[in-house]
Amino acid sequence: MYRATTKGVQVTVTPRFAPERSDPERSQYFWAYTVEIVNLGVDTVQLKSRRWVITDALGRVQEVRGAGVVGEQPVLPPGAHFEYTSGVPLPTSTGIMEGSYGLVTQGGEAFEAEVPAFSLDVPGEARTLN
247 MYRATTKGVQ
257 VTVTPRFAPE
267 RSDPERSQYF
277 WAYTVEIVNL
287 GVDTVQLKSR
297 RWVITDALGR
307 VQEVRGAGVV
317 GEQPVLPPGA
327 HFEYTSGVPL
337 PTSTGIMEGS
347 YGLVTQGGEA
357 FEAEVPAFSL
367 DVPGEARTLN
């Protein structure tokens, strides 16, 4: 589990290797990750966008940007939480993912909430990043 808090918005990520969706003989590895976003602050916030930076074991970087998460732009009043599960494929058996969520307060203040860097590893394999 990986966690970061920015301006009262706590983001927790739990990655899981998905062997049933992977094919190591074809260099296809897949991870599911569950994200929980909790508003610990005093202002209502809305998640408007996401940005991911995905790095495989060979140092190749892919950046993904988009509106919302899993087709939603959730509104989180103080104390509320939102959870979703998504996935990421890689051509290597290890990698790292990190990013941010673009949020806006009810008062119109925009800010980026950090998504902590989290490790994508096949259980039982040595980690090597170039």
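Last residue of the sequence shown: 376 (this note's numbering), numbering continuous.
Beta carbons are placed, not taken as given, at the ideal position from N, Cα and C, and that holds for glycine.
Buried or exposed: which applies to residue i, given that a residue is buried once 16 or more other Cβ atoms fall within 10 Å of its Cβ?
i, result
"LEU286", "exposed"
"VAL291", "buried"
"LEU322", "buried"
"ALA326", "exposed"
Can you tell me whether DSSP reads residue i as helix, strand or coil?
i, result
"ARG306", "coil"
"GLU355", "coil"
"ASN376", "Note that ASN376 has pLDDT 49, beneath the 50 cutoff, so the model's placement of it is unreliable and no number is given."
"PRO323", "coil"
"PRO270", "helix"
"PRO265", "helix"
"THR331", "strand"
"MET343", "strand"
"LYS253", "coil"
"VAL259", "strand"
Thinking just about the alpha-carbon of each residue, which of the options is nearest to the one in residue i?
i, options, result
"PHE263", "THR340, GLU355, TRP298 and GLU344", "THR340"
"GLN352", "ASP302, ALA250, TYR330 and LYS294", "LYS294"
"ALA363", "GLY254, THR258 and LYS253", "THR258"
"ASP289", "PRO369, GLY254, VAL361 and VAL368", "GLY254"
"GLY333", "PRO324, LEU349 and VAL310", "VAL310"
"ALA228", "PRO324, LEU304 and ARG297", "The question about residue 228 has no answer, for the chain in this structure spans 247 to 376."
Do residue j and residue i have their beta-carbon atoms positioned less than 7 Å apart in this structure?
i, j, result
"PRO335", "PHE328", "no"
"SER346", "GLU358", "yes"
"LEU366", "PRO265", "no"
"VAL307", "TYR330", "no"
"GLU344", "VAL299", "yes"
Please look up how many angstroms separate the CB atoms of residue i and residue j, rounded, as I've assumed it's under 8 Å.
i, j, result
"THR301", "ILE342", "5 Å"
"VAL361", "ALA278", "Contact doesn't hold; Cβ gap of about 15 Å is too wide."
"THR338", "TYR248", "Their Cβ separation, rounded to whole angstroms, is 20 Å, which puts THR338 and TYR248 out of contact at 8 Å."
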